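K.L.:
2 protein chains.
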Amino acid sequence: MIHPWQVPPSPSSARPSSSVAAGDGLYTPSPPATTTTTTTTTTSALVELLLPESQRDAALAEAHTLPMVVLTEETDWQWLHVLSEGWASPLRGFMREEEYLQCLHFNCIRDADGHVHNQSVAIVLAITDEQRQRIESSGQDAFALSLSAQPERPVAIVRRPEFYVHNKEERCARQLGTTHAGHPYAAIIHRSGEWLVGGDVEVLQRFRYGDGLDAYRLTPRDLQAEFRRRGADAVFVFQLRNPIHNGHALLMTSCRDDLLRRGYRNPILLVHQIGGKVKQDDVPLRERILQNQQVIEEGILDPETTLLGIFPSPMMYAGPTEVQWHAKARMNAGCQFYIVGRDPAGIKHPDGERDLFDPWHGKKVLQRAPGLERLEILPFRLAAYDKTAGRMAFFDPSRADDFLFISGTKMRGFAAAGETPPEGFMGKRAWQVLADYYQRKRQAEGGK
Amino acid sequence: MIHPWQVPPSPSSARPSSSVAAGDGLYTPSPPATTTTTTTTTTSALVELLLPESQRDAALAEAHTLPMVVLTEETDWQWLHVLSEGWASPLRGFMREEEYLQCLHFNCIRDADGHVHNQSVAIVLAITDEQRQRIESSGQDAFALSLSAQPERPVAIVRRPEFYVHNKEERCARQLGTTHAGHPYAAIIHRSGEWLVGGDVEVLQRFRYGDGLDAYRLTPRDLQAEFRRRGADAVFVFQLRNPIHNGHALLMTSCRDDLLRRGYRNPILLVHQIGGKVKQDDVPLRERILQNQQVIEEGILDPETTLLGIFPSPMMYAGPTEVQWHAKARMNAGCQFYIVGRDPAGIKHPDGERDLFDPWHGKKVLQRAPGLERLEILPFRLAAYDKTAGRMAFFDPSRADDFLFISGTKMRGFAAAGETPPEGFMGKRAWQVLADYYQRKRQAEGGK
Chain U
1 MIHPWQVPPS
11 PSSARPSSSV
21 AAGDGLYTPS
31 PPATTTTTTT
41 TTTSALVELL
51 LPESQRDAAL
61 AEAHTLPMVV
71 LTEETDWQWL
81 HVLSEGWASP
91 LRGFMREEEY
101 LQCLHFNCIR
111 DADGHVHNQS
121 VAIVLAITDE
131 QRQRIESSGQ
141 DAFALSLSAQ
151 PERPVAIVRR
161 PEFYVHNKEE
171 RCARQLGTTH
181 AGHPYAAIIH
191 RSGEWLVGGD
201 VEVLQRFRYG
211 DGLDAYRLTP
221 RDLQAEFRRR
231 GADAVFVFQL
241 RNPIHNGHAL
251 LMTSCRDDLL
261 RRGYRNPILL
271 VHQIGGKVKQ
281 DDVPLRERIL
291 QNQQVIEEGI
301 LDPETTLLGI
311 FPSPMMYAGP
321 TEVQWHAKAR
331 MNAGCQFYIV
341 GRDPAGIKHP
351 DGERDLFDPW
361 HGKKVLQRAP
371 GLERLEILPF
381 RLAAYDKTAG
391 RMAFFDPSRA
401 DDFLFISGTK
411 MRGFAAAGET
421 PPEGFMGKRA
431 WQVLADYYQR
441 KRQAEGGK
Chain X
1 MIHPWQVPPS
11 PSSARPSSSV
21 AAGDGLYTPS
31 PPATTTTTTT
41 TTTSALVELL
51 LPESQRDAAL
61 AEAHTLPMVV
71 LTEETDWQWL
81 HVLSEGWASP
91 LRGFMREEEY
101 LQCLHFNCIR
111 DADGHVHNQS
121 VAIVLAITDE
131 QRQRIESSGQ
141 DAFALSLSAQ
151 PERPVAIVRR
161 PEFYVHNKEE
171 RCARQLGTTH
181 AGHPYAAIIH
191 RSGEWLVGGD
201 VEVLQRFRYG
211 DGLDAYRLTP
221 RDLQAEFRRR
231 GADAVFVFQL
241 RNPIHNGHAL
251 LMTSCRDDLL
261 RRGYRNPILL
271 VHQIGGKVKQ
281 DDVPLRERIL
291 QNQQVIEEGI
301 LDPETTLLGI
311 FPSPMMYAGP
321 TEVQWHAKAR
331 MNAGCQFYIV
341 GRDPAGIKHP
351 DGERDLFDPW
361 HGKKVLQRAP
371 GLERLEILPF
381 RLAAYDKTAG
391 RMAFFDPSRA
401 DDFLFISGTK
411 MRGFAAAGET
421 PPEGFMGKRA
431 WQVLADYYQR
441 KRQAEGGK
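If you read the sequences in order, they're chains U and X.
Residue 419 in full-length UniProt numbering is what sits at position 419 of the first sequence, and the numbering runs on without skipping anything.
Residue 163 in full-length UniProt numbering is what sits at position 163 of the second sequence, and the numbering runs on without skipping anything.
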């Protein structure tokens with residue numbers, strides 16, 4: 001578990017192959033000249049909650065006079081990170097009850113002008129009754145937040161707090177489709193405080209983790225600037241929390257070809273790794289980024305038109321609810337095309353081996369979700385290992401027996417057992433990253 | 001339990017005080033001349049699924065050639081009744097998966113023209129695997145429905161059936177906010193079939209129950225015609241599944257006064273009783289209607305401007321999810337104003353005495369619900385028994401000790417114990433209906 005601000009930022013390490021130019025304007029892609037398309041070129045205003053530098057000293061001084069809530073749950077500061085950079089625009093902080101209710105019931109929020117914004121996951125702050133009482137009895141109309149690694153150091157101010165009951169069972173039910181305490185995000189909800197507190201957030205410093213990966217943590221504004229710098233006329237994004245095998249790469253390359261055929265001249269691919277908390281048996285962020293780097297350096301994905309980045313959100317494993325969030329946040333970062341696959345943000349039911357969500361509901365819900373009309377959904381085509389060709393290929397049902405499906409679990413199984421997957425399943429150097437990781441893990445777990 | 005079509009209709013019994021003129025056109029109220037208002041005067045097209053008389057013989061003959069599904073669950077035929085009369089417009093039958101998913105995740109459905117319709121409750125048909133196989137192996141693209149009282153007699157045809165998995169846990173979670181099997185509607189879901197089947201519905205005969213209450217079962221079309229006949233320029237509705245006490249009456253009368261003050265000249269009140277399945281300890285429909293009749297005949301509600309009717313839907317006890325359904329269905333029937341109170345469609349948590357839903361979430365969710373913009377929500381004011389005045393009055397927190405809150409449970413307690421509530425709590429003849437019912441119930445349960 002890495003705490004942001006624990007160590008000073010190390011901007012020179014692991015920088016993406018292209019440097020990032022920060023810019024103020026919003027990225028507006030040029031439409032292709034020779035094709036009709038259903039996407040529009042408008043983007044919403046980014047709502048960043050990071051205070052301008054000029055105001056930080058005064059805010060920090062004020063924060064020291066306010067009641068302090070120490071964020072002990074990793075996901076809490078990850079959501080604060082998410083909010084600070086505008087991924088959840090137009091949210092101005094942790095949800096107030098009116099926003100929370102719209103999120104739970106409608107998966108979207110209507111703003112004061114009547115515009116509908118998709119917001120399917122609840123970005124809320126849970127506190128204990130003791131914390132609530134301490135804030136209320138302070139007589140102040142604000143409180144400060146700090147992280148457990150440095151509990152005395154304020155990192156944000158929450159203004160005009162609004163307290164409301166944290167109905168944990170109902171929240172799990174409506175967000176996760178189950179209340180089972182064995183679901184990893186339900187477990188977090190169940191151990192959190194009995195109150196939710198909404199309020200406007202001011203963040204005092206950009207989130208840095210000092211883990212050698214900060215250069216990949218591009219904000220929506222950074223991404224928009226980088227897409228503009230590269231002259232992108234279309235941006236398509238591949239969300240993932242897994243290593244990239246050659247089937248994924250085939251899919252991304254094929255999406256790019258489709259966009260070129262439709263008349264776009266310079267489509268840019270954003271390979272976007274979940275940066276926040278994932279469940280225990282997912283591959284850690286560091287190894288995923290190293291693996292993805294190798295895939296790009298080996299040329300399996302084109303380095304010139306691919307950007308590797310980290311999305312700071314935690315995983316909720318909320319399936320059709322969460323895939324909307326994955327799409328909406330990237331829309332805020334300037335993407336116009338979103339690739340959706342089988343069982344996005346899915347997980348096994350905590351009771352057993354069946355899928356918690358129908359594997360195709362994510363795609364269907366995403367295609368109908370209010371507030372995502374500006375985003376074009378690119379459906380995933382099923383890739384598998386073609387034994388006759390010795391490479392990953394799009395599955396051809398007419399010769400189904402020629403194909404081998406290698407799931408994430410199976411892939412981890414190969415790596416954990418020190419075995420090598422079939423030739424052509426994954427780039428060699430990319431595979432080595434995983435093999436090394438699982439070997440270290442095996443050794444740490446008992447040297448077998 | 002009364003089966004529709006079990007006995008011939010008895011149209012002369014228990015007819016509402018005004019006769020009902022059926023009409024073809026949709027009711028469009030005149031806006032008041034002297035006031036600004038946020039409601040609009042458009043109404044959506046009603047989608048009635050009752051076949052025209054001229055087509056029924058042929059359809060009946062066809063139905064006899066189709067595989068038959070016998071509806072054994074009371075709520076199934078109540079939903080069929082609801083669908084047949086257009087309360088759920090624009091639904092054309094039991095939900096297909098695309099509609100079901102939008103309902104579960106967004107509480108609304110977008111039609112082919114992009115218009116958003118509120119539809120918060122899933123109107124679905126669950127069948128067993130054996131039933132599914134029988135339909136599929138028939139090779140027909142339709143099946144028939146019958147009711148358990150007369151299993152050989154088709155009452156509807158479902159065309160172009162679409163089967164999808166009935167994820168009961170997820171459905172309960174997203175609709176009820178709990179998966180607890182002790183919730184009365186969760187219990188129905190859990191005992192139903194493992195498949196859902198959507199499809200276009202054709203109903204072969206108007207629903208009649210022969211219970212002496214059919215004259216109150218006005219369809220949305222009947223209601224629109226009646227409002228027009230009465231020259232209503234505003235229609236406000238009070239949804240209930242309880243007897244009416246004088247606090248309710250005060251509220252309704254006061255809403256009417258408000259509408260008059262706003263410039264409406266002839267506001268009509270629809271007192272609309274839930275006609276479908278309610279939980280065990282709710283007062284039965286017959287006694288509720290008799291009690292409501294007395295309230296009107298005693299003049300506690302004005303007979304000239306009040307219409308008593310039955311809404312055929314079952315209760316789901318789904319709180320903020322269900323209150324949207326209650327409002328949407330009445331909007332389809334020509335109402336422009338909806339009175340919402342504390343904890344609409346609420347229930348105690350099956351685990352204990354606490355409320356399952358926050359009592360104010362219903363109102364807040366309703367006020368923000370997509371697709372209900374044409375309906376103006378009139379918030380409930382809290383009425384209680386004013387001991388100093390000896391009557392129900394709006395609660396005045398400055399002299400809280402003068403007020404007595406008489407809950408439904410307390411009221412049933414009075415009646416069950418053969419006691420009389422304080423003078424002024426309820427009309428005398430109206431109370432007598434309840435006292436008689438509970439006395440009969442006591443006697444039936446052991447003569448105490």
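Glycine is no exception: its CB is placed at the ideal position from the N, C-alpha and C atoms.
Quick caveat: nothing in here was measured; it's all calculated off a predicted structure.
Does the segment 74-94 of chain X come within contact of the segment 154-169 of chain X, defined as at least 3 CB pairs closer than 8 Å?
P.N.:
Yes, the segment 74-94 of chain X is in contact with the segment 154-169 of chain X.
K.L.:
Starting from the beta carbon of residue 179 of chain U, find every residue of chain X whose beta carbon is closer than 8 Å, and list them in chain order.
P.N.:
Chain X residues near residue 179 of chain U: 173, 178 and 179.
K.L.:
Out of curiosity, what's the CA-to-CA distance linking residue 92 of chain X and residue 124 of chain X?
P.N.:
Each residue's alpha carbon lies about 12 Å from the other.
K.L.:
How about residue 167 of chain U and residue 371 of chain U: do their beta carbons lie closer than 8 Å?
P.N.:
No, these two residues do not count as a Cβ contact at 8 Å.
K.L.:
Going along chain X, which residues have a C-beta under 8 Å from residue 101 of chain U?
P.N.:
Under the 8 Å cutoff, chain X gives 320, 361, 364, 365 and 368.
K.L.:
Have a look at residue 292 of chain X and residue 226 of chain X and give me their C-alpha separation to the nearest angstrom.
P.N.:
Their backbone Cα atoms lie some 19 Å apart in a straight line.
K.L.:
Output, in chain order, the set of chain X residues within a Cβ distance shorter than 7 Å of residue 354 of chain U.
P.N.:
Within chain X, no residue comes near residue 354 of chain U; the closest Cβ sits about 10 Å away, beyond 7 Å.
K.L.:
DSSP on residue 84 of chain X, reduced to helix/strand/coil?
P.N.:
The answer is helix: DSSP assigns residue 84 of chain X an H, G or I state.
K.L.:
With a threshold of 8 Å between beta-carbons, can residue 380 of chain U be considered close to chain X, or not?
P.N.:
Closer than 8 Å: no.
K.L.:
Report the rounded CA-to-CA distance for residue 207 of chain X versus residue 201 of chain X, giving the unit in angstroms.
P.N.:
Taking the straight line from one Cα to the other gives about 14 Å.
K.L.:
With DSSP run on the structure shown, which of helix, strand or coil describes residue 360 of chain U?
P.N.:
Residue 360 of chain U falls in the coil class under three-state DSSP.
K.L.:
Would you report the Cα separation of residue 316 of chain U and residue 238 of chain X, rounded to the nearest angstrom?
P.N.:
The straight-line gap from Cα to Cα measures roughly 40 Å.
K.L.:
Under three-state DSSP, which class holds residue 200 of chain U?
P.N.:
The answer is strand: DSSP assigns residue 200 of chain U an E or B state.
K.L.:
By DSSP, does residue 355 of chain U sit in helix, in strand, or in coil?
P.N.:
In the structure shown, residue 355 of chain U sits in a strand (DSSP, three-state: E or B).
K.L.:
Tell me which residues share the same chain as residue 78 of chain X and place their Cβ nearer than 7 Å to its Cβ, disregarding the 5 neighbours each side in the sequence.
P.N.:
Closer than 7 Å at the Cβ level, and outside the excluded window around residue 78 of chain X, lie 276, 277, 312, 313 and 314.
K.L.:
Helix or strand or just coil, what does DSSP make of residue 146 of chain U?
P.N.:
Residue 146 of chain U: strand per DSSP, three-state reduction.
K.L.:
Check each candidate in U:182, U:300, U:289 and U:103 and name the one with the smallest Cα separation from residue 321 of chain U.
P.N.:
Among U:182, U:300, U:289 and U:103, the Cα nearest to that of residue 321 of chain U belongs to U:103.
K.L.:
DSSP beta-bridge partners for residue 239 of chain U?
P.N.:
Beta-bridge pairing links residue 239 of chain U to U:272.
K.L.:
Taking only the alpha-carbon atoms, compute the straight-line gap between residue 390 of chain X and residue 105 of chain U and give it to the nearest angstrom.
P.N.:
For residue 390 of chain X and residue 105 of chain U, the distance between alpha carbons rounds to 42 Å.
K.L.:
Considering only residues of the same chain and omitting the five flanking positions on each side of residue 367 of chain U, which have a CB-CB separation below 6 Å?
P.N.:
377.
K.L.:
Determine the contact status of residue 427 of chain X and residue 339 of chain X, defining contact as a CB-CB distance below 8 Å.
P.N.:
No.
K.L.:
Please classify residue 272 of chain U as buried or exposed, where buried requires at least 16 other C-beta atoms within 10 Å of its C-beta.
P.N.:
Under this definition residue 272 of chain U is a buried residue.
K.L.:
Taking 8 Å as the threshold (beta carbon to beta carbon), is residue 39 of chain U in contact with chain X?
P.N.:
Interpretation of residue 39 of chain U is limited by its pLDDT of 32, a score under 50 that renders its predicted location unreliable; no figure is taken from the coordinates.
K.L.:
Name, please, each residue of chain X whose Cβ falls closer than 8 Å to the Cβ of residue 165 of chain U.
P.N.:
Going along chain X in sequence order, the residues near residue 165 of chain U (Cβ under 8 Å) are 358.
K.L.:
By the 10 Å Cβ neighbour count, where 16 or more other Cβ atoms means buried, how is residue 369 of chain X classified, buried or exposed?
P.N.:
Burial call: buried.
K.L.:
Shortest alpha-carbon distance to residue 195 of chain U belongs to which of U:430, U:135 and U:360?
P.N.:
The option with the nearest alpha carbon to residue 195 of chain U is U:135.
K.L.:
Can you check whether the C-beta of residue 94 of chain U is within less than 8 Å of a C-beta belonging to chain X?
P.N.:
With 8 Å as the cut-off, residue 94 of chain U does not count as an interface residue toward chain X.
K.L.:
Take the Cβ of residue 351 of chain X as the centre, count every other Cβ of all protein chains shown within 10 Å, and call the residue buried at 16 or more, exposed below.
P.N.:
Residue 351 of chain X comes out exposed.
K.L.:
Run through DSSP, which three-state label would residue 264 of chain X get?
P.N.:
In the structure shown, residue 264 of chain X sits in coil (DSSP, three-state: anything other than H, G, I, E or B).
K.L.:
Using the C-alpha atoms, what's the distance from residue 110 of chain X back to residue 115 of chain U?
P.N.:
Answer to the nearest angstrom: the Cα atoms are 16 Å apart.
K.L.:
Compare the C-beta of residue 98 of chain U against all C-beta atoms of chain X and say whether one is closer than 8 Å.
P.N.:
Yes, residue 98 of chain U lies at the interface with chain X (some Cβ there is under 8 Å from its Cβ).
K.L.:
Going straight from the alpha carbon of residue 306 of chain U to that of residue 268 of chain U, what length do you get?
P.N.:
Straight-line Cα distance between these residues: approximately 6 Å.
K.L.:
Check whether the Cβ atoms of residue 48 of chain X and residue 221 of chain X sit closer than 8 Å, and answer yes or no.
P.N.:
Yes, the Cβ-Cβ distance between residue 48 of chain X and residue 221 of chain X is below 8 Å.
K.L.:
Is residue 414 of chain X close to chain U? Criterion is C-beta to C-beta, closer than 8 Å.
P.N.:
No, residue 414 of chain X lies away from the interface with chain U (no Cβ there is under 8 Å from its Cβ).
K.L.:
Note down, in chain order, all residues in the segment 105-119 of chain X with a beta-carbon under 8 Å from any beta-carbon belonging to chain A.
P.N.:
Protein chains U and X are contained in the structure displayed, whereas chain A is not.
K.L.:
Just the C-alpha distance for residue 434 of chain U and residue 297 of chain U, rounded to the nearest angstrom, thanks.
P.N.:
Going from the Cα of residue 434 of chain U to the Cα of residue 297 of chain U covers about 16 Å.
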